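This note's numbering numbers the first residue of the sequence shown as 16 and each following residue consecutively. Beta carbons are placed, not taken as given, at the ideal position from N, Cα and C, and that holds for glycine. Because the structure is a prediction, the values reported are computed rather than measured. Working notes, structure below.
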Amino acid sequence: MDDYALKLHGDAVVVDTHCDTLKCLTPRFTRVKGSMWEDRSGVGMGVRSSLGHVDIPRLMEGGVDCQFFAVSSERDRTPPYPLRTAMEMVDTFYSECERNRDAVKPVTKYDEIMRAVGEGKVAAMLSIEGADVIEGEIGMLRVFHRLGVRMVGLVHSLRNPLADGVADTRTGGGLSELGVQAVEELDRLGVLIDASHLSDAGFWDLIDVAKGPIVASHSNSRAVCDHPRNMTDQMIRALADAGGVMGMNFAPFFVHPTKPSVETLVDHIDHIVGLVGPDHVGLGSDFDGIPSTPKDLEDVSRMPNITAELVRRGYSEEDVSKILGRNHLRVFMRVVG
Ligand SMILES: [Zn+2]
Numbered sequence: 016m017d018d019y020a021l022k023l024h025g026d027a028v029v030v031d032t033h034c035d036t037l038k039c040l041t042p043r044f045t046r047v048k049g050s051m052w053e054d055r056s057g058v059g060m061g062v063r064s065s066l067g068h069v070d071i072p073r074l075m076e077g078g079v080d081c082q083f084f085a086v087s088s089e090r091d092r093t094p095p096y097p098l099r100t101a102m103e104m105v106d107t108f109y110s111e112c113e114r115n116r117d118a119v120k121p122v123t124k125y126d127e128i129m130r131a132v133g134e135g136k137v138a139a140m141l142s143i144e145g146a147d148v149i150e151g152e153i154g155m156l157r158v159f160h161r162l163g164v165r166m167v168g169l170v171h172s173l174r175n176p177l178a179d180g181v182a183d184t185r186t187g188g189g190l191s192e193l194g195v196q197a198v199e200e201l202d203r204l205g206v207l208i209d210a211s212h213l214s215d216a217g218f219w220d221l222i223d224v225a226k227g228p229i230v231a232s233h234s235n236s237r238a239v240c241d242h243p244r245n246m247t248d249q250m251i252r253a254l255a256d257a258g259g260v261m262g263m264n265f266a267p268f269f270v271h272p273t274k275p276s277v278e279t280l281v282d283h284i285d286h287i288v289g290l291v292g293p294d295h296v297g298l299g300s301d302f303d304g305i306p307s308t309p310k311d312l313e314d315v316s317r318m319p320n321i322t323a324e325l326v327r328r329g330y331s332e333e334d335v336s337k338i339l340g341r342n343h344l345r346v347f348m349r350v351v352g
């Protein structure tokens with residue numbers, strides 16, 4: 016890789032708004048029959064593993080400065096008690112941060128992200144993927160906020176009391192009354208609202224209801240790769256008009272039906288930049304949540320390959336740093352502070 020691209024990557028604050036690594040570290044998930052997650056709870060996040068995609072040595076090697084870690088609901092695979100499962104994942108997150116405190120720091124504010132980066136540590140942010148975990152209680156959003164959660168996605172593809180997900184193709188539903196209340200509370204608390212996994216109708220409801228910019232933490236362009244988890248051009252324009260940002264997802268089937276690679280992933284970035292300019296796209300790998308990876312993005316240590324491809328396509332230094340992280344940081348600063 017050329018030195019210029021490597022230097023750009025090293026100088027940029029690289030932000031990844033989605034990974035499922037907490038599942039690999041929480042035995043409740045890995046021990047479910049048929050689970051795709053291989054148990055790494057014994058070794059933890061601090062040891063370089065040949066399994067999965069994310070651990071601290073590989074985050075460092077990939078130059079990732081701020082990693083969001085999702086506390087996740089999975090209606091078909093999570094054992095019962097979503098709130099208790101979420102608590103276990105929060106515990107996993109803080110236990111791993113404590114165990115590896117020389118290399119990783121839990122953060123809840125923009126200033127804390129930048130301080131951690133200045134100390135050469137990975138800034139670790141908690142998020143929720145699928146607010147099934149609040150078990151219908153808006154008050155639990157306040158508790159999760161106190162626990163450090165700074166981004167919440169209402170659904171994880173399947174409908175819950177808050178909204179319909181992208182997998183509910185028969186219903187045509189959007190946000191429920193409770194979902195609207197949740198959005199209002201998240202706005203009030205200063206928590207990023209994540210549109211990824213929502214039904215299309217839910218996305219449009221969210222655009223109507225949310226006061227601040229919203230994010231789509233791990234979603235691509237549907238015009239480039241026709242998958243319901245990706246966003247139409249109309250949705251991308253609305254997200255951009257609201258000042259939001261979307262993180263590019265590395266799941267092969269969201270990238271390209273036959274040739275998932277760094278090149279075809281950057282095709283999504285090209286399309287979005289062509290549509291709404293360079294201020295609304297970032298990275299949201301979905302590492303450790305995807306069964307396979309695109310060519311040359313085998314794990315998080317390969318992140319610099321994206322920068323090299325952006326440079327090869329003539330992106331300016333400024334636009335590269337926006338795409339690698341500054342866009343996400345701008346929205347984070349505005350919504351969370
Ligand atoms: Zn997801």
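Between which two residues does the alpha helix (DSSP H) harbouring residue i extend?
| i | result |
| --- | --- |
| D17 | That residue, D17, is in no alpha helix (DSSP H); it is neither H nor E in DSSP. |
| D202 | E192 to L204 |
| R73 | I71 to E76 |
| S336 | E332 to S336 |
| G154 | G154 to R161 |
| V281 | V277 to V291 |
| L344 | N342 to V350 |
| M250 | D248 to D256 |
| T322 | P319 to R327 |
| D241 | No alpha helix (DSSP H) holds D241; DSSP gives it neither H nor E. |
What span of residues does the beta strand (DSSP E) with residue i cover, start to end?
| i | result |
| --- | --- |
| P309 | No beta strand (DSSP E) holds P309; DSSP gives it neither H nor E. |
| L40 | Per DSSP, L40 belongs to no beta strand (DSSP E) and is neither H nor E. |
| L298 | V296 to L298 |
| M166 | V164 to G168 |
| P121 | V119 to P121 |
Specify the secondary structure class of residue i as computed by DSSP and reduced to three states.
| i | result |
| --- | --- |
| M51 | coil |
| G180 | strand |
| D31 | strand |
| I143 | strand |
| C81 | strand |
| I208 | strand |
| H271 | coil |
| A266 | coil |
| S110 | helix |
| V105 | helix |
| H171 | strand |
| V132 | helix |
| L213 | strand |
| V62 | coil |
| S316 | helix |
Identify, in the order they occur along the chain, each residue of the same chain with its Cβ nearer than 7 Å to the Cβ of residue i, setting aside the five sequence neighbours on each side.
| i | result |
| --- | --- |
| R252 | L290 and V291 |
| M318 | V29, G77, G78 and V79 |
| L221 | L190, V198, I208, A210, L213 and I229 |
| N245 | S234, N235, S236, R237 and F269 |
| H33 | F83, A85, S232, H233, G262, G299, S300 and D301 |
My assumption, with CB atoms under 8 Å, is that residue i sits in contact with residue j. Please give the rounded CB distance.
| i | j | result |
| --- | --- | --- |
| G188 | R174 | 7 Å |
| L280 | P309 | 6 Å |
| D282 | V239 | 6 Å |
| R43 | E103 | 6 Å |
| V167 | A138 | That belief does not hold up - the Cβ atoms of V167 and A138 are roughly 19 Å apart, past 8 Å. |
| D11 | A225 | In the structure displayed, the chain extends from 16 to 352; residue 11 sits before or after that span and is not available. |
| M140 | R165 | 6 Å |
So, at 6 Å on beta carbons, what are the nonlocal neighbours of residue i in its own chain, with the 5 sequence-adjacent residues on each side left out?
| i | result |
| --- | --- |
| C39 | W52, R55, G67 and D303 |
Please report the distance separating the alpha-carbon of residue i from that of residue j.
| i | j | result |
| --- | --- | --- |
| D178 | V58 | Here residue 178 is Ala; the residue named in the question, Asp, does not match the sequence. The straight-line gap from Cα to Cα measures roughly 37 Å. |
| I287 | G163 | 31 Å |
| E278 | E324 | 7 Å |
| D126 | V206 | 16 Å |
| L23 | V326 | 9 Å |
| S87 | R341 | 25 Å |
| W356 | V195 | Residue 356 lies beyond the range of the chain shown here (16 to 352); nothing can be said about it. |
| V62 | D314 | 14 Å |
| V122 | V350 | 15 Å |
| S234 | A27 | 22 Å |
| S142 | D285 | 27 Å |
| F268 | G259 | 24 Å |
| G25 | K124 | 22 Å |
| T273 | S172 | 23 Å |
| P130 | K337 | In the sequence under discussion, the amino acid at residue 130 is Arg, which differs from the Pro named in the question. So the alpha carbons of these two residues sit roughly 19 Å apart. |
| T322 | F347 | 22 Å |
| E89 | T41 | 14 Å |
| V119 | M75 | 10 Å |
| D18 | S276 | 22 Å |
| P95 | R345 | 37 Å |
| V158 | E200 | 12 Å |
| S64 | D223 | 43 Å |
| E134 | D70 | 18 Å |
| D334 | V47 | 43 Å |
Return the chain-ordered list of same chain residues with a C-beta closer than 8 Å to the C-beta of residue i, the five sequence neighbours on each side being excluded.
| i | result |
| --- | --- |
| G191 | Inspection of the sequence shows that residue 191 is occupied by Ser rather than by Gly. Closer than 8 Å at Cβ, skipping near neighbours: P176, L177 and A178. |
| L98 | V148, I149, E150 and M155 |
Between residue i and ligand 3, is there a pair consisting of the residue's CB and a ligand heavy atom that are separated by less than 7 Å?
| i | result |
| --- | --- |
| E89 | Ligand 3 is not among the ligands present in this structure, which contains only ligand 1. |
Taking CB distances under 8 Å as the criterion, tell me whether residue i reaches chain C.
| i | result |
| --- | --- |
| G194 | Structure shown: chain C not included; a single protein chain is present. |
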